[in-house]
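Residue numbers (this note's numbering): 576 to 1758.
Every residue gets a Cβ at the ideal spot worked out from N, C-alpha and C, and that includes glycine.
Fair warning: this is a prediction, and the values are worked out from it, not measured in the lab.
Single-structure report; data block below.
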């Protein structure tokens, strides 16, 4: 697609132009897209201005001195409540008045809104169109009451006398009064009449009608400040704030329209997250429930510390709870629950939980208890012996700060030295060069692994104790029952464990400030204690990092809109010029966005920047990983994620992935697989991540971006033989910065063209002979395993009947004589069939009872006529389940000549096994009934690989037989009847797969036979009627094909032993089939070492072989610009949820090699994104 793809197609443009004015005005629909009577627009205008009219009545009475201000507010509010309730009742009445059964209307698929047929000014259709009503009765009452309160307080808020007192300017009073009432009317209309679709949309569905409360809520916030100013005496700061907010109040409609103010659900989640992280020292959480619980517990801890009476108690309380709350409490709770269940529950419950991996065991418990005891002991001893003193260059606290400065520098160096690029700019000279194999990388990485271990010790044990020593010596802790001390120190005592690296940086900054500024009269030293200073430094540090990251993102969007030719639209030059001219405005937008911790939204991913609304750091309302667009490719990610998670543990703990915080994004690449990692939580010795897998079927956009990712990683890890020391990163400015490579156990995917193998006449000529050998091996193994199973199942009964050989011999002797009545069938029995009989029954129903009775009395049975040319082995019992064809064959005696009734029938001789153990290896009776001529049987006997057959029998051990003669294997080899069984079984399968011709199969036939798609034939019809035999034959053919490929690639098989080893390897270590098979997916998840599949490209006319090999390979990992991802996800949310721009070829989803736009859209949470795999929250222990 070209760069000038429409941002919105014609239909969506029309829809957007209808929706946006409705959003600006709070709900009135003045642009419908079809002709409507004038009273529709007049009614909406009247309803829009109704709150102003009702508030104006109260305002007039107050200005005339008839009523006081609060009575005026009550009157206006009461009138508005009655009006709102009346309007809602009108809607309910209109809905009831509508006829229940309506004519079905044909929906026009080109319209997003229904067309109404209006009959009158106050008709039911008119009322339902203008006032859609509420879904819940409780909302009908609650919203009406809220509308009354809003109108009353709004009247009080905009009284002219009150505004004049604030500004002492008549012109300003008029402006604020007029436009302030416009703001209130917009809020009232959205609350009562018709809720507008907000540009700031967080949830895809508004189940509980929360959106209607958004605009009134912000109006109430402004009114609340005014009320506080009214009742507070002599508070200059409140007066100044109130003056500013009265002006901002006029711009609320603009802020709502551009989507800067968040919806209520996003606002409260974002607010709790910010307070938890910056006010209480915690970490963002992966779900709303965990966020709420952790916020309440953390807030309770801070409040409780206020009431502790002693300094030592405060320090111990803050240290202990700071450590405990920084742990992975959800996993600890799960481990405790599992332990209790395993001790108290039944064995069933134990088995149910036995397979779960508990990451918090006794080792972790002892370690954390030891750390906690040492921390408490340290603060106690420092408080007891060191005490508190003012900060000076020689004070104990200053000495501790010197140590922390050195520690910060060392840890920073140890972290950067493990990454492939220093600061993302210069190649790290200590990083291994030309990383290609696991063995070479691990050998070169050994020194860096030692560096990672040292850094892990410094980060986990040394740094927290050093910071606790610094904090315990602070003089501010002497101020008991101080709100600032409780908030500041509760936060930093927890942050020491929760986010050690940032806490260390903050303390060092505060220490340096104290060392450089000793003036006690300075505001920094006079008004702020150390806890509040650390809080302010933490907020400033976070916002500054966000500002830099957002600025990099904005510059990347701006530059690539011109430098990338495929992104250069006709408007690119104009947009770049405007951004340069108004660069201070752009910097202001970026600063406000960083201050609010909200994403910088590039509209349609163009250099048109807006401030997105604040939202949680995970960007989505629900729990991450709850859904994915599952497809057959998902199994590859499901297999590799456990191994990738283990590799991430060591990388995150060592610091080779850089500074990983909640909200950090990483991209992993291996062959055609792309893994997207999002860090959701982080605390002391743990990290919670979500791993997504992106599609493998690459579209053109996906392929273009994936190719650029490969270029970046190859430049960093593979093409370093001749580069100079500290060579620059040629892709600096890209949102992806390579970090390191991780050894992960996964499948490598190799695809080879089989031209010259599958179409080789020499190879195809030997295919049938090899197939016969493989099939004989398959049948022998099948029967041998079956005999083992029967032996295990029959051990109990055999112990009662005597030794096995005697029983087998006696049964064989009995079968040489007449058979039992139940087992035979003759033409004479045709007279027993009636019209009511089922022709597929083994016995005529009318005579069954009599025949059984005669059998029990020992009556001589009739003879069963076998199929000519076949060898039959009679079983003791009639098979319980037979296919309809087999029943029919028995019923019509399969082509036997007609026999006159009463004529004595000739008894055909029954074949005996010469070895009594041969029956153990006999193939099932129905597998030898293929309708093939006798000439083919004789031909197969000549082609049958007798030496191979004897070799296979010689390899059997029969260890499962308790008593067996020493000559058992020789007797089996000499048994001609057993050999005939296998001849018939092999012939049946060859007949089904190849027919009766002896021609060399064509490559197309080989491919169809491999896939099981052979054209219909009588032999195939018979073979598919025996599902178990068909599967064995298909499996044998696939093994044969793989053997043909291996012989062509690796050379011929020299001996029978080598061939058996090859087939046994296929059986144990390979899955040979099709990618579309369900067994293929199971083999991947069970981690079969090798998988092979045959494919065909009809366009190129070539056959391909695909081999998956399970081995430990290197996965490349890079860090993404967090703000670039958040900004693109914010635009995606706006485009799909508000503009409904779901066009698959829209501009904002086209390939962008620098921003990775297509991959970023894929990685979004469904339904907006479409990852093929998304893991649940993975708790990675970093201990």
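DSSP-derived helix/strand/coil call for residue 1314: strand
7 Å Cβ shell around residue 1524 - same chain, five flanking residues per side excluded: 1351, 1554 and 1557
Sequence-distant residues of its chain with Cβ nearer than 7 Å to residue 653 (five each side left out): 723
Residues near residue 1133 in its chain [Cβ-Cβ closer than 7 Å; skip 5 each side]: 1151, 1154 and 1182
DSSP-derived helix/strand/coil call for residue 1530: coil
Range covered by the beta strand (DSSP E) that runs through residue 1697: It is not in any beta strand (DSSP E) - residue 1697 instead sits in the alpha helix (DSSP H) that spans 1697 to 1712.
Residue range of the beta strand (DSSP E) that includes residue 1265: 1261 to 1268
Beta-carbon separation (whole angstroms), residue 791 vs residue 1190, contact threshold 8 Å: Residue 791 to residue 1190, Cβ: 21 Å. No contact.
Contact check, residue 1320 vs residue 1215, beta carbons under 9 Å: yes
Whole-angstrom C-beta distance between residue 901 and residue 1069, which should lie under 8 Å: 6 Å
Unbroken stretches of the alpha helix (DSSP H), 4 residues or longer, contained in the region 777 to 841: 789 to 806, 811 to 824 and 827 to 833
Residue from 1711, 943, 895 and 1345 whose Cα sits closest to the Cα of residue 1035: 943
Spatial distance of residue 997 from residue 991 (CA atoms): 6 Å
Spatially closest choice to residue 1165 from 1206, 1119 and 1199, by CA coordinates: 1119
From 1532, 1205 and 1668, residue whose alpha carbon lies closest to that of residue 1749: 1205
Validate contact between the region 1191 to 1199 and the region 1248 to 1267 using beta carbons, cut 8 Å, 3 pairs: yes
Any 3 or more C-beta pairs closer than 8 Å across the region 1694 to 1713 and the region 1669 to 1686: no
Alpha carbon of residue 1442 to alpha carbon of residue 1508, nearest angstrom: Unreliable positioning characterises residue 1442 in this predicted model, as indicated by a pLDDT of 37, which lies under 50. The coordinate reading is nonetheless provided below. Approximately 11 Å between the Cα atoms of the pair.
For residue 636, the three-state DSSP class (helix, strand or coil): helix
Terminal residues of the beta strand (DSSP E) in which residue 1672 lies: 1665 to 1672
Inter-residue spacing [alpha-carbon to alpha-carbon] between residue 774 and residue 645: 35 Å
Short Cβ contact (9 Å threshold) for residue 986 with residue 1022: no
Stretch-stretch touch, CB-based, cutoff 8 Å, three pairs: the region 716 to 735 with the region 749 to 763: yes
Within the region 693 to 748, ranges of the alpha helix (DSSP H) (whole runs, at least 4 residues): 699 to 705, 712 to 732 and 735 to 742
Residue 1708 to residue 854 span [Cα, whole Å]: 29 Å
Buried/exposed call for residue 1322, threshold 16 Cβ in 10 Å: buried
Alpha helix (DSSP H) segment containing residue 1583, residue limits: 1578 to 1586
Proximity to residue 1713 [Cα-Cα], best of 585, 580, 578 and 593: 593
Per DSSP, the bridge partner or partners of residue 1753: 1264
Given residue 1693 as reference, the closest of 848, 1316 and 585 once Cα atoms are compared: 1316
Nearest residue (CA-CA) to residue 802, options 811, 817 and 809: 817
Identity of the residues DSSP links to residue 1001 by a beta bridge: 997 and 1303
Euclidean distance between Cα positions of residue 1738 and residue 1269: 7 Å
Neighbourhood of residue 1705 by C-beta, 7 Å cutoff - its chain only, sequence neighbours within 5 removed: 1174, 1176 and 1187
Residues of its chain near residue 1543, where Cβ-Cβ distance is below 7 Å and the 5 sequence neighbours each way are ignored: 1492 and 1533
Alpha-carbon to alpha-carbon, residue 1550 and residue 1501: 21 Å
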